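Q: Under full-length UniProt numbering, the first residue of the sequence shown is numbered 1, with each subsequent residue one higher. Where a beta carbon is used, it is the ideal one built from N, C-alpha and C, also for glycine. None of these values were measured; they are calculated from a predicted model. Please see the structure below; I have some questions.
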Amino acid sequence: MEGKEEDVRLGANKYSERQPIGTAAQGSEDKDYKEPPPAPLFEPGELKSWSFYRAGIAEFMATFLFLYVTILTVMGYILAPLPIGFAVFLVHLATIPITGTGINPARSLGAAIIYNREHAWSDHWIFWVGPFIGAALAAVYHQVVIRAIPFKTKS
Numbered sequence: 001m002e003g004k005e006e007d008v009r010l011g012a013n014k015y016s017e018r019q020p021i022g023t024a025a026q027g028s029e030d031k032d033y034k035e036p037p038p039a040p041l042f043e044p045g046e047l048k049s050w051s052f053y054r055a056g057i058a059e060f061m062a063t064f065l066f067l068y069v070t071i072l073t074v075m076g077y078i079l080a081p082l083p084i085g086f087a088v089f090l091v092h093l094a095t096i097p098i099t100g101t102g103i104n105p106a107r108s109l110g111a112a113i114i115y116n117r118e119h120a121w122s123d124h125w126i127f128w129v130g131p132f133i134g135a136a137l138a139a140v141y142h143q144v145v146i147r148a149i150p151f152k153t154k155s
């Protein structure tokens, strides 16, 4: 019984209540509770996983970016092939792991016809709806927002 009384008298931290500095300085191996390891900010494999929302947003953003860069370079006074090619490169880098990059519905249709399996057509609408909405919003954004900003012209 003396061992139990000794434990009660010393408290849960193995130190008497008269030693708060010793209690605060005790090692982490003496504590009963262990902190769980920190969770990673994100899993790298998560970027390659596929879902309807992720695929739709990826196709929308890719087409929006591509069409918007194309509109700006055609309207501007810079060399068009370089920014357009760079935009296509970036779009492919971002969306190949997710959807295989279907920024052009005709390319997606051709691949689905050649593949011609049942599950090739089940989610094919994403490759039409995403680029259509992305292209439409890029054109509307350019007409409503960019054209509304007054620019100074060279006189």
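Ignoring anything shorter than 4 residues or poking outside the stretch 52 to 133, list the alpha helix (DSSP H) runs there in chain order.
A: 52 to 75, 81 to 95, 105 to 115, 118 to 122
Q: Going by Cα to Cα distance, which pick from 138, 84, 118 is closest to residue 59?
A: Counting from 1 along the sequence shown, the entry for residue 59 is found at position 59. Comparing Cα-Cα distances from residue 59 to each of 138, 84, 118, the minimum goes to 138.
Q: Compute the beta-carbon to beta-carbon distance between residue 102 and residue 127, rounded to the nearest angstrom, for a pair I have assumed lies under 8 Å.
A: As a position in the sequence shown, residue 102 is number 102, starting the count at 1. As a position in the sequence shown, residue 127 is number 127, starting the count at 1. Between residue 127 and residue 102 the Cβ distance is about 4 Å, and since that is below 8 Å, they are a contact.
Q: Return helix, strand or coil for residue 146, following the three-state DSSP convention.
A: Taking the sequence shown and counting its residues from 1, one reaches residue 146 at position 146. Helix.
Q: For residue 67, is the classification buried or exposed, using 16 other Cβ atoms within 10 angstroms of its Cβ as the cut-off for buried?
A: Position 67 of the sequence shown, counting from 1, holds the residue named residue 67. Flag for residue 67 reads buried.
Q: Considering only the alpha carbon of each residue, which of 69, 90, 125 lies closest to residue 80?
A: The residue given as residue 80 occupies position 80 in the sequence shown. Nearest of 69, 90, 125 to residue 80, Cα basis: 69.
Q: So, are the CB atoms of residue 99 and residue 55 less than 8 Å apart?
A: Taking the first residue of the sequence shown as 1, we reach residue 99 at position 99. Taking the first residue of the sequence shown as 1, we reach residue 55 at position 55. Contact: yes.
Q: To the nearest angstrom, how far is the alpha carbon of residue 84 from that of residue 90?
A: Here residue 84 corresponds to residue number 84 of the sequence shown, with the count starting at 1. Here residue 90 corresponds to residue number 90 of the sequence shown, with the count starting at 1. Going from the Cα of residue 84 to the Cα of residue 90 covers about 10 Å.
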